[in-house]
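Engineer: Be aware that the sequence shown starts at 1, since it is given in the numbering used here, and climbs by one per residue.
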Amino acid sequence: MFSIRCFAVDPFEDFNEYGQLSDEEIHKLHEGEMLYGDTEFGFIVSSGNTKSTSFKFKGNLYQDLKEWRNQFKIDTLYRRDKNSETGSDDVSANRIFLSAQGNYKVGIKNASLFIYGDYEEDQFSGLEFKSTIATGYGNRLYQGVKNKVDFDIGPGVYRSVADTESDISSEDDTKTGYLMRLALQWERTVSTRTRFNQDISIEQSLSGLNSLLKSETALISQVMGAVSLKFAYLYRYNSKPEDDRLKYDSELS
Numbered sequence: 001m002f003s004i005r006c007f008a009v010d011p012f013e014d015f016n017e018y019g020q021l022s023d024e025e026i027h028k029l030h031e032g033e034m035l036y037g038d039t040e041f042g043f044i045v046s047s048g049n050t051k052s053t054s055f056k057f058k059g060n061l062y063q064d065l066k067e068w069r070n071q072f073k074i075d076t077l078y079r080r081d082k083n084s085e086t087g088s089d090d091v092s093a094n095r096i097f098l099s100a101q102g103n104y105k106v107g108i109k110n111a112s113l114f115i116y117g118d119y120e121e122d123q124f125s126g127l128e129f130k131s132t133i134a135t136g137y138g139n140r141l142y143q144g145v146k147n148k149v150d151f152d153i154g155p156g157v158y159r160s161v162a163d164t165e166s167d168i169s170s171e172d173d174t175k176t177g178y179l180m181r182l183a184l185q186w187e188r189t190v191s192t193r194t195r196f197n198q199d200i201s202i203e204q205s206l207s208g209l210n211s212l213l214k215s216e217t218a219l220i221s222q223v224m225g226a227v228s229l230k231f232a233y234l235y236r237y238n239s240k241p242e243d244d245r246l247k248y249d250s251e252l253s
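1. Per DSSP, which residues does Gly117 bridge with? Please list them.
2. Tell me which residues share the same chain as Leu252 and place their Cβ nearer than 7 angstroms to its Cβ, disregarding the 5 neighbours each side in the sequence.
3. What first and last residue would you give for the beta strand (DSSP E) that runs through Phe231?
4. Pick out whichever of Arg236, Thr194, Leu212 has its Cα sitting closest to the Cα of Ile220.
5. Mind reading off the beta-carbon distance from Ile96 to Glu121? Whole number of angstroms is fine, and I expect it under 8 angstroms.
6. Kindly confirm or deny that the stretch 46-53 and the stretch 242-249 touch, where touching means at least three C-beta pairs closer than 8 angstroms.
7. How do the stretch 223-231 and the stretch 204-213 stand: do at least 3 beta-carbon pairs fall below 8 angstroms, yes or no?
8. Given Phe57, which residues of its chain have a CB within under 6 angstroms of its CB, disregarding the five upstream and five downstream residues?
9. By DSSP, does Leu246 sit in helix, in strand, or in coil?
10. Where does Asp163 fall in DSSP's three states?
11. With a threshold of 8 angstroms on Cβ separation, who are the neighbours of Val157 within its own chain once the five nearest residues in sequence on each side are excluded?
12. Return the Cβ separation of Arg181 and Ser205 in integer angstroms, given the expectation that the two are a contact with Cβ distance under 8 angstroms.
13. If we ignore side chains and look at the alpha-carbon of each, how far apart do Ile44 and Ala93 end up?
14. Skipping 5 residues on each side, what residues in its chain have a beta carbon closer than 6 angstroms to that of Ser99?
15. Exposed or buried, Gln143, counting other C-beta atoms within 10 Å across all chains shown (16 or more means buried)?
16. Quick check: the Cα distance between Asp249 and Ser125, rounded to an integer number of angstroms?
17. State the Cα-Cα distance for the pair Gly102 and Gly87, rounded to the nearest angstrom.
18. Put Leu219 into one of helix, strand or coil per three-state DSSP.
19. Rounded to a whole number of angstroms, what is the C-alpha to C-alpha distance between Tyr116 and Pro155?
20. Measuring only the C-alpha atoms, how far is Ile168 from Ala162?
21. Out of curiosity, what's the CA-to-CA distance linking Ala183 and Lys240?
22. Quick check on DSSP: helix, strand or coil for Asn206?
23. Going by DSSP, what residue range makes up the beta strand (DSSP E) through Val45?
24. Hey, how far is the Cα of Lys214 from the Cα of Arg236?
25. On a CA-only basis, which of Arg159, Val190, Asp90 is nearest Glu203? Give me that one, please.
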């Protein structure tokens, strides 16, 4: 007699030490390193009946110092399609998002004061650019054997500039207002090689401008060494988009 388990190991049941290091152990492990984290790269070229080029680059990097823990994010998407009628190349997607956050450790376990800033250009959003600056308090909401949930909350300032064809700008083209920012990061250890991440950020306008929500749900599994496979769903919501654009965008990758 024999057991099927000898031939098939379920990675979702193989719990071990992965993801169970404390923040102090993680900080000590990476102390002195310039940057560590994850980067993603995608490139697709189609030819024949359909001709298009797509490029995607994304990074989520950390830096651990004695009193500061910094996080840097970059998210870019570019797509160009061949117009079968005119023969010209048309850009159908062109976006770049940059953000940086510094958390100053206040001495209490997992507690910190943060300062956050981001900048985004999206050719098809109706805006030339938009940016946010916020500051406030962060801490750990929940700590378990396989789960941890962190949060940041604080006030900030939002600024956007409309994308107009005219060289003459007006006060209506620029919008500035106050907001309240809330960010949640949930990480769950699924197995020795797999983890689940849920990141949500909400920017609620206090000045009657647009409120923003951004959510990324991801399952990341280590394939070999530093190479991993990631399945992700990204959802972006804008309560007051420019012109006649939809209030939401989504990406499945």
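Ideal Cβ placement from N, Cα and C applies to all residues, glycine included.
Just so we're clear, the structure is a prediction, and the values are computed from it rather than from any experiment.
Structural biologist: Taking the structure as given:
1. Taking the first residue of the sequence shown as 1, we reach residue 117 at position 117. Gly117 is bridged to Ala100, Ile133.
2. For this step, residue 252 is matched to residue 252 along the sequence shown. Only Tyr233 meet the Cβ criterion.
3. Taking the first residue of the sequence shown as position 1, residue 231 is located at position 231. That run of the beta strand (DSSP E) goes 227-238.
4. The sequence position of residue 220 within the sequence shown is 220, counting from 1. When Arg236, Thr194, Leu212 are compared, the shortest CA-CA separation from Ile220 is found for Thr194.
5. Numbered from its first residue, the sequence shown carries residue 96 at position 96. Numbered from its first residue, the sequence shown carries residue 121 at position 121. Rounded, the Cβ-Cβ distance is 5 angstroms, consistent with contact.
6. no
7. Put simply, the stretch 223-231 does not touch the stretch 204-213. Fewer than three CB pairs are less than 8 angstroms apart.
8. One-based indexing of the sequence shown puts residue 57 at position 57. Phe41, Thr76.
9. Working through the sequence shown from its first residue, we reach residue 246 at position 246. Here Leu246 sits in coil by DSSP.
10. Residue mapping note: residue 163 aligns to position 163 of the sequence shown, counting from 1. Coil, per DSSP.
11. Counting from 1 along the sequence shown, the entry for residue 157 is found at position 157. Excluding residues within five positions, the ones whose Cβ falls inside 8 angstroms are Thr132, Ile133, Ala134, Thr176, Gly177, Tyr178, Leu179.
12. As a working mapping, residue 181 is identified with position 181 in the sequence shown. As a working mapping, residue 205 is identified with position 205 in the sequence shown. Arg181 to Ser205, Cβ: 11 angstroms. No contact.
13. As a position in the sequence shown, residue 44 is number 44, starting the count at 1. As a position in the sequence shown, residue 93 is number 93, starting the count at 1. Answer to the nearest angstrom: the Cα atoms are 14 angstroms apart.
14. The residue given as residue 99 occupies position 99 in the sequence shown. Lys73, Asp118, listed in sequence order.
15. Position 143 of the sequence shown, counted from the start, is the residue given in the question as residue 143. By the neighbour-count rule (16 or more Cβ atoms within 10 Å), Gln143 is not buried but exposed.
16. Mapped onto the sequence shown, residue 249 falls at position 249. Mapped onto the sequence shown, residue 125 falls at position 125. Each residue's Cα considered, the two are about 10 angstroms apart.
17. Translated into positions along the sequence shown, residue 102 becomes position 102. Translated into positions along the sequence shown, residue 87 becomes position 87. Their Cα atoms are separated by approximately 47 angstroms.
18. Taking the sequence shown and counting its residues from 1, one reaches residue 219 at position 219. Correct three-state label for Leu219: strand.
19. Residue mapping note: residue 116 aligns to position 116 of the sequence shown, counting from 1. Residue mapping note: residue 155 aligns to position 155 of the sequence shown, counting from 1. Roughly 10 angstroms between the two C-alpha positions.
20. The residue you call residue 168 lines up with position 168 of the sequence shown. The residue you call residue 162 lines up with position 162 of the sequence shown. In this predicted model, Ile168 has a pLDDT of only 43, less than 50, meaning its place in the structure is not dependable; the value taken from the coordinates is given anyway. For Ile168 and Ala162, the distance between alpha carbons rounds to 12 angstroms.
21. Taking the sequence shown and counting its residues from 1, the one referred to as residue 183 is at position 183. Taking the sequence shown and counting its residues from 1, the one referred to as residue 240 is at position 240. In a straight line, the C-alpha of Ala183 is about 20 angstroms away from that of Lys240.
22. To locate residue 206, count along the sequence shown from 1; it is residue 206. Residue identity differs from the one stated: residue 206 is Leu in this sequence, not Asn. Looking at Leu206 - three-state DSSP - the assignment turns out to be coil, as it is neither helix nor strand.
23. For the purposes of this step, residue 45 is taken as residue 45 along the sequence shown, with counting starting at 1. Taken as a continuous stretch (DSSP letters only), the beta strand (DSSP E) holding Val45 covers 36-46.
24. Taking the sequence shown and counting its residues from 1, the one referred to as residue 214 is at position 214. Taking the sequence shown and counting its residues from 1, the one referred to as residue 236 is at position 236. Each residue's Cα considered, the two are about 5 angstroms apart.
25. Locating residue 203 in the sequence shown gives position 203, counting from the first residue. The candidate whose alpha carbon is nearest that of Glu203 is Arg159.
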